[in-house]
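Asker:
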Amino acid sequence: MATKKTAAAAKKTIKKAPAKKSVTSTKVTTVTPVSKGLSTKNKSFSFSRSPILAASIAEFIGTALLATVILATKGEPLYILFTLVAIVLTIGAVSGAHVNPVVTIGAWATKRIDAIRAVSYLVAQVLGALVALVIANAYLSSFSVPAESQQAGLLGQAMPDPSLFKLGAIEGGKEWLLLAAEFLGGALFGFGVASFSKEKSRTAVALGVGGSLFLAVLVTSYLTGLAISGSGAGPAVLNPAIAFTLQGVTWSLWPIAIYLFASPLGAVLGFVVRDLISVESGKE
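Under our numbering, the letters of the sequence shown match residues 10 to 293, in that order.
1) Mind checking whether G115 and F253 have CB atoms under 7 Å apart?
2) What do you get for S290, buried or exposed, if any count of 16 or more other CB atoms within 10 angstroms of its CB means buried?
3) Looking at A138 and S6, is the spacing between their C-beta atoms short of 7 Å?
4) Assuming A145 contacts L80 (C-beta within less than 8 Å), just tell me the rounded distance between them.
5) Here's the rule: buried if 16 or more other CB atoms are within 10 angstroms of the residue's CB, otherwise exposed. What is I251?
6) Within the continuous alpha helix (DSSP H) that includes Q256, where are the two ends?
7) Nearest CA to the CA of L131: which residue from L255, P249, A236 and Q256?
8) Could you check if T259 is buried or exposed, using at least 16 other CB atoms within 10 Å of its CB as the buried criterion?
9) Within a Cβ cutoff of 6 Å, which residues of the same chain sit near K13, ignoring the five residues on either side of it in sequence?
10) Alpha carbons only, please: which of A271, G220 and R211 is nearest the one belonging to A196?
11) Assuming F174 contacts L255 under a Cβ cut-off of 8 Å, what Cβ separation, rounded to an integer in Å, is found between them?
12) Run through the segment 181 to 234 for me and flag every whole alpha helix (DSSP H) of 4 or more residues, listed as ranges in chain order.
13) Given V214, which residues of its chain have a CB within under 7 Å of its CB, disregarding the five upstream and five downstream residues?
14) Could you tell me the alpha carbon to alpha carbon distance between V111 and S151, rounded to whole angstroms?
15) Leaving out five residues on either side along the sequence, give the residues of the same chain with a beta carbon under 8 Å from the beta carbon of L9.
16) What span of residues does the alpha helix (DSSP H) with S150 cover, start to end?
17) My guess is that L222 and F200 are in contact by the Cβ rule of under 8 Å, so how many angstroms apart are they, rounded?
18) Determine the direct distance from the alpha carbon of G219 to that of L90, and round the result to whole angstroms.
19) What is the C-beta distance between P60 and I179, in whole angstroms, given that I count them as a contact (C-beta under 8 Å)?
20) Answer yes or no: do L188 and I267 have a C-beta to C-beta separation smaller than 7 Å?
21) Kindly list the residues whose CB is nearer than 6 Å to the CB of P244, restricted to its own chain and excluding five residues on each side of it in sequence; keep chain order.
22) Counting only runs of 3+ residues fully inside the segment 64 to 128, write out the beta strand (DSSP E) ranges in chain order.
23) Check each candidate in G181, A190, L142 and L186 and name the one with the smallest Cα separation from S172.
24) Within 10 angstroms of its Cβ, does G181 collect 16 or more other Cβ (buried), or is it exposed?
25) I'd like the span of the alpha helix (DSSP H) that includes L173, first residue to last.
26) Near G217, which residues of its chain fall below 6 Å by C-beta distance, leaving aside the five closest residues on each side in sequence?
27) Beta-carbon within less than 8 Å of D284's beta-carbon, same chain only, minus the 5 sequence neighbours each way: which residues are those?
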């Protein structure tokens, strides 16, 4: 009996040791996202971040080139055609190659460009045309008549008279006819430009714009020629900026009305008519 009691007591005193709790530590790592747009490099100036500036410079250069060609060729329409095609192909992707306040005002009036861009273009175009005139005058002033020509002049022969091509004085009584011709030419040119403004092919745009100006100049020149001399070959500007190059703008009513206002107003009409045709054809 004693042996059984001691065995039972031993069973009671023996206890299981408590199991150790396993402690699991979780390490939290915070990952900070890196923004993709940040860069430690210094950003250099780029015209791509100033599209209006780049476009205005392109308009300045293009208008100066066009004005120089008109001075050199005395406004021959065929040379103007090829020059404008080349300019459109060269700077068309940068500024649209307006190189003419007629196009800029027509595009602004029909909400193709905003007012800030329009003003920038107009300033650049006028400055480009004036710079072309200044450079041409500077080169012309350096010209000296050869001694042989001076001797020929003393003998009564004709001496060379170098001068820049420019517009003549407006004949009295013909002002309204010249005004109407410039207005009609601006309308034809504006209609043509608006027709090709959404064309995707740069070559087609260049040929379309150049061809439109070529036809508008021919029509305007024919009408003004009939009005002035009956010959069908008169002045045709259709570009207020180039009117400064050709020294046709004076501080009087008719030159300002004919060369600065008639063709832009005609271009606005041409743009509006082309847009109305597009809307009507879209409804059909």
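All residues carry an ideal CB built from backbone N, CA and C; glycine is no exception.
Just so it is clear, the structure is predicted and the values come from calculations on it, not from any experiment.
Answerer: If we stick to the structure as given:
1) No. Outside cutoff.
2) Counting Cβ neighbours within 10 Å, S290 comes out exposed, since fewer than 16 surround it.
3) Since the displayed the chain opens at 10 and closes at 293, residue 6 lies outside it and no answer follows.
4) With a Cβ gap of about 5 Å, A145 and L80 count as contacting.
5) I251 is classed as buried because its beta carbon has at least 16 other beta carbons within 10 Å across all chains shown.
6) No alpha helix (DSSP H) contains Q256, which DSSP labels as neither H nor E.
7) Comparing Cα-Cα distances from L131 to each of L255, P249, A236 and Q256, the minimum goes to P249.
8) Residue burial is scored here from C-beta neighbours: T259 has fewer than 16 other C-beta atoms within 10 angstroms and is therefore classed as exposed.
9) Note that K13 scores 49 on pLDDT, short of 50, meaning its location in the model is unreliable and no value can be drawn from it.
10) The candidate whose alpha carbon is nearest that of A196 is A271.
11) That belief holds up - the Cβ atoms of F174 and L255 are roughly 7 Å apart, short of 8 Å.
12) Unbroken alpha helix (DSSP H) stretches of 4 residues or longer found wholly inside the segment 181 to 234: 184 to 205, given in chain order.
13) The answer, listed in chain order, is V97, G101, F205 and E208.
14) In this structure, the alpha-carbon of V111 lies about 34 Å from that of S151.
15) Outside the shown range of the chain, which is 10 to 293, sits residue 9, and nothing can be said about it.
16) It spans A124 to S150 - the alpha helix (DSSP H) in which S150 sits, taken as one unbroken run.
17) With a contact defined as Cβ atoms closer than 8 Å, L222 and F200 miss out at about 12 Å.
18) A direct Cα-Cα distance of roughly 5 Å separates L90 from G219.
19) With a beta-carbon spacing of about 40 Å, P60 and I179 fall beyond the 8 Å limit used to define contacts.
20) Taking 7 Å as the Cβ cut-off, L188 and I267 qualify as a contacting pair.
21) Once the five neighbours on either side are set aside, the close Cβ partners of P244 are L176 and T233.
22) For the segment 64 to 128, not a single whole beta strand (DSSP E) run of length 3 or above is found.
23) Nearest C-alpha to S172: L142.
24) With fewer than 16 Cβ atoms within 10 Å of its Cβ, G181 is classed as exposed.
25) Bounds of any alpha helix (DSSP H) do not take in L173, whose DSSP letter is neither H nor E.
26) Around G217: F205.
27) Cβ neighbours of D284 beyond the five flanking positions: T119 and A203.
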